[in-house]
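Have a look at the structure below before the remarks.
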Amino acid sequence: MMVNMWLRCLKVLAALALALCAGCGRDAVQVNLNSRIPSGQGAMHLEITAEITGSQAGLHYKWFALAGGCNPQESEKPATLFKFADGASRDRVSVEVWREGRIVGRNQLDVKLDEVQARLTERMPEGLDIE
């Protein structure tokens with residue numbers, strides 16, 4: 543008798559947990575961030591892109607950096623152009639993914655300035671392009 547009551551109680555708790563999780567994770571997306579040096583921008587800039595797994599309808603992106611800057615800071619597109627702050631060689635870029643006024647995903651990426659590329663770009667004559 544006592545075992546049956548415990549089993550019913552566990553089933554009710556499991557059903558409740560499933561119902562709660564199903565509601566909150568339904569709109570969630572997975573976010574993976576990638577970076578690359580964009581052509582024509584120099585080593586002080588990185589193009590940061592978000593790869594989204596899950597429904598992409600109605601997504602809005604908000605970009606943040608600890609020291610540098612992101613342009614744009616808010617967008618309907620999953621990309622931003624990051625610029626290192628003067629004198630900084632490391633930073634962290636974060637993105638929040640929003641849908642209908644709620645955060646449905648987020649991630650962050652530690653970025654490091656390619657100092658060799660930055661020195662080469664500074665010394666490179668104008669009009670010369672390194673690929």
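Our numbering puts the first residue of the sequence shown at 543, with every later residue one more than the last.
Beta carbons: idealized from backbone N, C-alpha and C, even for Gly.
All of these numbers come straight from a predicted model, not from anything done at the bench.
Query	Result
Cβ-Cβ distance between residue 590 and residue 571 below 7 Å	no
Rounded separation between residue 626 and residue 642 - CA only	31 Å
DSSP three-state assignment for residue 657, whether helix, strand or coil	helix
Status (buried if at least 16 other CB within 10 Å, exposed otherwise) for residue 599	exposed
Beta-carbon gap between residue 529 and residue 604 smaller than 7 Å	Here the chain has residues from 543 to 673 only, and residue 529 is not among them.
Where the beta strand (DSSP E) through residue 633 begins and ends	632-641
Separation of residue 606 from residue 647, as counted between CA atoms	14 Å
Option nearest residue 657 by Cα separation, candidates 650, 585 and 628	585
Buried or exposed (CB count within 10 angstroms, at least 16 for buried), residue 629	exposed
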